[in-house]
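Data first, discussion second: the structure below is written as structure tokens.
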Amino acid sequence: MEDFLLRNWYIACASGELGQKPIGRTVLGIPLAIFRGIDGKPCALLDKCPHRNVPLSQGWVKNNYLICKYHGWCFDEQGVCREVPGLCDRNEDRRRNAVAYPVIEQDGFIWVYCQADELPKSQPYEFPYLRQKGFSTFSRQMECETTLENAAENFLDATHTHFVHSGLIRTDNQRKEITVKITRSENMVEAVYLNEETISGLIYKLLAPGCNKVISIGRFILPSIAQLEYRTDSDRNRLFISLFLTPVKEKLTRAYSIVTFRSWLPNWFLKVIAQPLFEQAARQDKAILQLQTWNINQFQGEDFVLTEIDVLKPHILYLLKQGENQNQSPFFEKTIKMKV
Numbered sequence: 001m002e003d004f005l006l007r008n009w010y011i012a013c014a015s016g017e018l019g020q021k022p023i024g025r026t027v028l029g030i031p032l033a034i035f036r037g038i039d040g041k042p043c044a045l046l047d048k049c050p051h052r053n054v055p056l057s058q059g060w061v062k063n064n065y066l067i068c069k070y071h072g073w074c075f076d077e078q079g080v081c082r083e084v085p086g087l088c089d090r091n092e093d094r095r096r097n098a099v100a101y102p103v104i105e106q107d108g109f110i111w112v113y114c115q116a117d118e119l120p121k122s123q124p125y126e127f128p129y130l131r132q133k134g135f136s137t138f139s140r141q142m143e144c145e146t147t148l149e150n151a152a153e154n155f156l157d158a159t160h161t162h163f164v165h166s167g168l169i170r171t172d173n174q175r176k177e178i179t180v181k182i183t184r185s186e187n188m189v190e191a192v193y194l195n196e197e198t199i200s201g202l203i204y205k206l207l208a209p210g211c212n213k214v215i216s217i218g219r220f221i222l223p224s225i226a227q228l229e230y231r232t233d234s235d236r237n238r239l240f241i242s243l244f245l246t247p248v249k250e251k252l253t254r255a256y257s258i259v260t261f262r263s264w265l266p267n268w269f270l271k272v273i274a275q276p277l278f279e280q281a282a283r284q285d286k287a288i289l290q291l292q293t294w295n296i297n298q299f300q301g302e303d304f305v306l307t308e309i310d311v312l313k314p315h316i317l318y319l320l321k322q323g324e325n326q327n328q329s330p331f332f333e334k335t336i337k338m339k340v
């Protein structure tokens, strides 16, 4: 699992966070110094100067080089040490080089591939409809004391919305029986919630007024994307919420939420209404996840009891455990009944 996770792209920061100064970020336990080099292209080095191990993220950028603040060693975008101030011997010595990681800037984010000096065989995830005409997008990020799998399961779990987000997403006293179709492939699991017709919470009433039918879909996509899609009887109303989860270290996850939508209402107006509601829901999720982690630590480990309506949790764990090397057919399909 760890080897598979390392061979993937993760969001290290938003593009707007990376200016003229380097910044430090940790991805999968790897401390990184991220900076802009030639033509403003982002670069990522292991956040440790090979000379005296001072964090390179505490230095500065000059002439496209990252400068260590301790003795001024200069590193290029590949981590090659280009200058040691005061050293007369100009012979190359690989021991002086910093460790470099592949980086791509895409969709307003800086993505890092977590295998140093390896040519990636894939590209970063492309968020749905982000570049399509007629759709608008807003995003936010949040750091939470939880694991990747618990964060993903929380985001995709329909049964906590009646309590953690009571009135905002669903209401407990307005449950109805629905059908859920669960399908798993080699890199994704999807749950399609049928026959719900309308969702009882405030968000739905504000974002899709006049729509008499809704189909909600929850997906987990390897390595760490949790996604909610809402389809209505009006093709004009579409909503995608993608949560990209970057594991910082054990039980610490940074979540980047990308909300993409279109509506018969003016998109700018919908954005003004929607952002505070989504931020409120995110704060509620963070509070319950951190409470869960606190208690897991208190009892020295997870001891979960699952039922049939814990729709996606076992499949998220299965996919993360198996990665892309399936020893058996990953295909799974099942239909269940539940009340939401």
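In our numbering, the protein residues as written are 1 to 340.
Even for Gly, the Cβ is constructed at its ideal location relative to N, Cα and C.
As the structure is a computational prediction, the values presented were derived from the model and not from experiment.
Using the C-alpha atoms, what's the distance from residue j back to residue i?
i, j, result
"Gly167", "Phe261", "22 Å"
"Thr183", "Lys48", "44 Å"
"Cys144", "Glu333", "32 Å"
"Ile413", "Ala33", "Outside the modelled stretch of the chain, which goes from 1 to 340, sits residue 413, for which no answer is possible."
"Lys176", "Lys339", "5 Å"
"Val112", "Met188", "22 Å"
"Gly24", "Lys205", "41 Å"
"Thr307", "Phe299", "21 Å"
"Gln416", "Asn63", "Beyond the ends of the chain as shown, which are 1 and 340, falls residue 416; an answer cannot be given."
"Lys41", "Lys69", "22 Å"
"Asp76", "Arg36", "10 Å"
"Ser234", "Asp285", "29 Å"
"Ala282", "Arg90", "53 Å"
"Val84", "Gly72", "7 Å"
"Phe304", "Asn150", "11 Å"
"Trp294", "Ser224", "23 Å"
"Asp107", "Cys88", "44 Å"
"Leu46", "Leu56", "8 Å"
"Leu341", "Pro330", "Absent from the model: residue 341. The displayed extent of the chain is 1 to 340, so no value can be given."
"Thr171", "Asp157", "15 Å"
"Asn267", "Gly301", "45 Å"
"Glu197", "Leu228", "16 Å"
"Ala44", "Phe244", "20 Å"
"Thr161", "Ser122", "35 Å"
"Asn53", "Asp117", "20 Å"
"Leu18", "Gln280", "27 Å"
"Lys251", "Leu291", "12 Å"
"Ala274", "Ile203", "8 Å"
I'd like the list of long-range same chain contacts for residue i, defined as Cβ closer than 7 Å, with 5 residues on each side in sequence excluded.
i, result
"Thr179", "Leu194, Asn195, Thr335 and Lys337"
"Gly29", "Lys249"
"Lys341", "Nothing in the structure corresponds to residue 341, since the chain is present only between 1 and 340."
"Lys271", "Ser136 and Phe138"
"Tyr230", "Val214, Ser216 and Leu239"
Starting from residue i, trace the alpha helix (DSSP H) in both directions and tell me its first and last residue.
i, result
"Gln284", "Asn267 to Gln298"
"Tyr318", "Lys313 to Gln322"
"Phe155", "Leu148 to Leu156"
Spatial neighbours of residue i within its chain, please: C-beta separation below 6 Å, excluding the five flanking residues on both sides.
i, result
"Ile258", "Phe127, Ser139 and Ser242"
"Asn97", "Gly79, Val80 and Cys81"
"Trp60", "Ile67"
"His315", "Arg184 and Val189"
"Arg236", "Trp264"
"Pro102", "Tyr113 and Pro120"
"Gln58", "Lys69"
Just reading off the beta strand (DSSP E) that residue i is part of, what are its end residues?
i, result
"Leu194", "Met188 to Glu197"
"Phe109", "Phe109 to Tyr113"
"Gln20", "Here Gln20 belongs to no beta strand (DSSP E), and DSSP marks it neither H nor E."
"Pro247", "Arg238 to Lys249"
"Leu228", "Ile225 to Thr232"
"Ile221", "Val214 to Ile221"
"Thr161", "Unbroken run through Thr161: none, as it is neither H nor E."
"Trp60", "Trp60 to Lys62"
"Phe332", "Phe332 to Lys339"
"Tyr70", "Here Tyr70 belongs to no beta strand (DSSP E), and DSSP marks it neither H nor E."
"Arg184", "Glu177 to Arg184"
"Leu46", "Pro42 to Leu46"
"Glu308", "Looking at the DSSP string, Glu308 is not in any beta strand (DSSP E), and its letter there is neither H nor E."
"Cys81", "Cys81 to Glu83"
Going by DSSP, name the residue or residues bridged to residue i.
i, result
"Val27", "Ile30"
"Ser166", "Arg170"
"Ile203", "None; Ile203 has no bridge partner."
"Ala14", "Phe109"
"Trp9", "Tyr113"
"Tyr256", "Gln141 and Phe244"
"Ala100", "Leu45"
"Arg131", "Paired residues: none, contrary to the question."
"Ser136", "Phe261"
"Phe35", "Cys43"
"Phe75", "Leu66 and Cys81"
Once you ignore the five residues that flank residue i on each side, which residues in its own chain have a CB closer than 8 Å to its CB?
i, result
"Leu289", "Cys144, Glu145, Thr146, Asn150, Ala151 and Asn154"
"Ala14", "Gly108, Phe109, Ile110, Ser139, Gln141 and Tyr256"
"Val27", "Tyr10, Ala12, Val112, Cys114, Thr246, Pro247 and Val248"
"Gly16", "Gly108"
So with Cβ pairs under 9 Å, would you call residue i a contact of chain D?
i, result
"Phe163", "The structure shown has no chain D; it contains just one protein chain."
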